[in-house]
Amino acid sequence: MADKRRFDLFAELLVTRFPEVKRVFDVAGGMGKLNEALVARGRSCLTFDRRHKHLPVEYAERDFTLDEPCTADAVVGMHADGATRVIIEYAAKHGLPFAVVPCCSDNSMPYKPWMRHLAELGTSLGMTVDEVTLPMEGRARVIIGQRGV
Ligand SMILES: C[S@@+](CC[C@H](N)C(=O)[O-])C[C@H]1O[C@@H](n2cnc3c(N)ncnc32)[C@H](O)[C@@H]1O
16 MADKRRFDLF AELLVTRFPE VKRVFDVAGG MGKLNEALVA RGRSCLTFDR RHKHLPVEYA
76 ERDFTLDEPC TADAVVGMHA DGATRVIIEY AAKHGLPFAV VPCCSDNSMP YKPWMRHLAE
136 LGTSLGMTVD EVTLPMEGRA RVIIGQRGV
């Protein structure tokens with residue numbers, strides 16, 4: 016069972032690490048709870064997920080792909096599973112900062128190699144990557160990437 020505090024903890028980290036960011040793409044956002052937590056902190060947010068049942072937040076009921084027009088200042092994902100890799104590729108394509116809290120991989124890779132692979136992907140795409148851990152249960156490690164830090 017994932018930690019219910021994860022959305023507030025992640026939102027708090029995002030506004031602290033990216034104070035200049037006004038609009039966020041929340042990829043694979045499920046119900047839209049991260050969206051709520053970001054809006055409560057004065058940010059605008061668009062959640063992408065194929066779910067039809069979700070909170071009344073700004074929401075695109077579709078998969079997120081590299082073809083999505085960019086109207087955000089940052090792209091993020093909490094336990095985004097199959098969308099985690101595309102978040103990093105999208106950030107690199109548009110020169111945006113990203114933050115992901117990886118959970119399951121998209122190719123059955125175990126957690127630790129998956130974490131290494133994602134960090135290396137960010138670096139190979141020209142981003143400066145670092146890692147922090149949220150104070151919560153479960154998959155809590157966050158990979159953060161920015162251009163030219
Ligand atoms: C483990 S759930 C996490 C949901 C939410 N972030 C949370 O922490 O509760 C993974 C979500 O990823 C979504 N997903 C997977 N690939 C996606 C993609 N390419 N674009 C958008 N959503 C995707 C699934 O529909 C599912 O809701």
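Just so you know, the numbering used here puts the end of the sequence shown at 164, numbered straight through with nothing missing. The C-beta atom is built at its ideal place from N, Cα and C for all residues, glycine as well.
Cys60 burial status per 10 Å Cβ neighbour count (16 or more: buried): With 16 or more neighbouring CB atoms inside 10 Å of its own CB, Cys60 falls in the buried class.
Along the chain, where does the alpha helix (DSSP H) containing Thr86 start, and where does it finish? The continuous stretches of alpha helix (DSSP H) do not include Thr86, and DSSP gives it neither H nor E.
Say yes only if the C-beta of Cys85 is nearer than 7 Å to one or more non-hydrogen atoms of ligand 1, and no if none qualify. It does not: the Cβ of Cys85 is nowhere closer than 7 Å to a heavy atom of ligand 1.
In terms of residue numbering, what span does the beta strand (DSSP E) encompassing Val164 cover? No beta strand (DSSP E) holds Val164; DSSP gives it neither H nor E.
Same chain, Cβ closer than 8 Å to Lys48, neighbours up to 5 away in sequence not counted: Once the five neighbours on either side are set aside, the close Cβ partners of Lys48 are Phe22, Leu70.
What ranges does the alpha helix (DSSP H) occupy inside the stretch 112 to 142, keeping only unbroken runs of at least 4 residues that lie completely in it? At a cut-off of 4 residues, the continuous stretches assigned as alpha helix (DSSP H) that sit fully inside the stretch 112 to 142 are 126 to 139.
Proximity to Thr143 [Cα-Cα], best of Asp64, Ile103, Cys118: It is Ile103 whose Cα lies nearest to the Cα of Thr143.
Can you name the residues that DSSP bridges to Leu61? Answer by DSSP bridge pairing, in chain order: Phe40.
Would the beta-carbon of Ala89 be found less than 7 Å away from any heavy atom of ligand 1? Checking the Cβ of Ala89 against ligand 1 gives no.
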